[in-house]
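A.B. asks: Letter by letter, the sequence shown follows residues 3 to 171 of this note's numbering.
Here's a structure for you.
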Amino acid sequence: MDTIGEDGLLRHPVPVSAALRLFFLATGLFVIVIATYELYRGVWPFNFASPFFLFLIFGAWSVGGPIAWAGLTGPSTLWTIGRGRIVIERKQPFRKLQSDVFAQGDGSRLVVAEHESMDGDPTWSVVLAAPDGRRFETRRLQTRVAAERLLARIEAAFTTPEPSPQPPD
3 MDTIGEDGLL
13 RHPVPVSAAL
23 RLFFLATGLF
33 VIVIATYELY
43 RGVWPFNFAS
53 PFFLFLIFGA
63 WSVGGPIAWA
73 GLTGPSTLWT
83 IGRGRIVIER
93 KQPFRKLQSD
103 VFAQGDGSRL
113 VVAEHESMDG
123 DPTWSVVLAA
133 PDGRRFETRR
143 LQTRVAAERL
153 LARIEAAFTT
163 PEPSPQPPD
């Protein structure tokens, strides 16, 4: 989970595991391949029902394609919070590391956000709203109290004052 290193920085990883990537990729490709294989006979040779079957194949591609794409490109994120700055690094396969730095007074806001669920209780996360409109989200938590605790921990690490210099003896 969260760790505070010897350097005093709070690190909050939001990983996407290789197993999850593989699951999304396999699921997306399964939807595309099975629908195309099972329905191509309705398209070729061309007949009056071909547009209907072609529409179904394109529908499967429109569902399976984004699922497979998410498996290929979903970013793993690492929040590094220190005095007066938050660095958010996003690692994606096939792309170089992307990094965003937010400082105190730049207009970014940290808030607790609720995420509704269709089949269970809502989940909660801490969201950093950047001045340019982008949103960065921490790991999802089961309760609002846990999300507020994480927010307090992030704000404490973010607003810790610089240590005052010790006078020479």
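The C-beta atom is built at its ideal place from N, Cα and C for all residues, glycine as well.
Going by alpha carbons, who is nearest to residue 61 out of 85, 50, 38?
C.D. replies: Numbered from 1 along the sequence shown, position 59 holds the residue referred to as residue 61. Checking every option, the nearest Cα to that of residue 61 belongs to 38.
A.B. asks: State the CB to CB distance for the pair residue 10 and residue 107, rounded to an integer number of angstroms; the pair is presumed to be in contact (CB under 8 Å).
C.D. replies: Here residue 10 corresponds to residue number 8 of the sequence shown, with the count starting at 1. Here residue 107 corresponds to residue number 105 of the sequence shown, with the count starting at 1. With 8 Å as the limit, residue 10 and residue 107 do not qualify as a contact, their Cβ atoms being about 21 Å apart.
A.B. asks: Rounded to whole angstroms, what's the CA-CA distance from residue 98 to residue 154? Just pull it up for me.
C.D. replies: For this step, residue 98 is matched to residue 96 along the sequence shown. For this step, residue 154 is matched to residue 152 along the sequence shown. Whole-angstrom Cα-Cα distance: 31 Å.
A.B. asks: Look at residue 79 and residue 94 and say whether their C-beta atoms are less than 7 Å apart.
C.D. replies: Start at 1 with the first residue of the sequence shown, and residue 79 comes out as number 77. Start at 1 with the first residue of the sequence shown, and residue 94 comes out as number 92. In this structure, residue 94 does not lie closer than 7 Å to residue 79 by Cβ.
A.B. asks: Do you know offhand how far residue 14's Cα is from residue 56's?
C.D. replies: Translated into positions along the sequence shown, residue 14 becomes position 12. Translated into positions along the sequence shown, residue 56 becomes position 54. In a straight line, the C-alpha of residue 14 is about 46 Å away from that of residue 56.
A.B. asks: Apply the 10 Å Cβ neighbour rule to residue 12 and answer buried if 16 or more other Cβ atoms are within range, or exposed otherwise.
C.D. replies: Here residue 12 is taken as the residue at index 10 of the sequence shown, counted from 1. The residue in question, residue 12, is buried, as its Cβ has 16 or more Cβ neighbours within 10 Å.
A.B. asks: Look at the alpha carbon of residue 147 and the alpha carbon of residue 96, and state the distance between them as a whole number of angstroms.
C.D. replies: For the purposes of this step, residue 147 is taken as the residue at position 145 of the sequence shown. For the purposes of this step, residue 96 is taken as the residue at position 94 of the sequence shown. Those two C-alpha atoms are separated by around 37 Å.
A.B. asks: According to the neighbour-count rule (16 or more other Cβ atoms, all chains shown, within 10 Å of its Cβ), is residue 145 buried or exposed?
C.D. replies: Walking along the sequence shown from the start, residue 145 turns up at place 143. Burial state of residue 145 is exposed, judged by a 10 Å Cβ sphere holding fewer than 16 other Cβ atoms.
A.B. asks: For a quick check, are the C-beta atoms of residue 112 and residue 130 less than 7 Å apart?
C.D. replies: Reading the sequence shown from its first residue, position 110 is the one you call residue 112. Reading the sequence shown from its first residue, position 128 is the one you call residue 130. In this structure, residue 130 lies closer than 7 Å to residue 112 by Cβ.
A.B. asks: Just list the alpha helix (DSSP H) runs in the stretch 19-48, keeping only unbroken ones of 4 residues or longer that don't cross its boundaries, in chain order.
C.D. replies: 20-45
A.B. asks: DSSP three-state label for residue 68, please.
C.D. replies: For the purposes of this step, residue 68 is identified with residue 66 of the sequence shown, where counting begins at 1. Residue state, collapsed to three classes: helix.
A.B. asks: Using a C-beta cutoff of 7 Å, does residue 88 count as contacting chain B?
C.D. replies: The chain inventory of the structure shown lacks chain B, comprising one protein chain alone.
A.B. asks: Do residue 119 and residue 140 have their CB atoms nearer than 7 Å?
C.D. replies: Mapped onto the sequence shown, residue 119 falls at position 117. Mapped onto the sequence shown, residue 140 falls at position 138. No. Outside cutoff.
A.B. asks: Could you name the residues that DSSP lists as bridge partners for residue 84?
C.D. replies: Sequence index remark: in the sequence shown, residue 84 carries index 82 (1-based). In DSSP, residue 84 forms a bridge with 87.
A.B. asks: Measuring CB to CB, does residue 77 end up less than 7 Å from residue 92?
C.D. replies: Your numbering for residue 77 matches position 75 in the sequence shown. Your numbering for residue 92 matches position 90 in the sequence shown. Cβ distance < 7 Å, so residue 77 and residue 92 count as in contact.
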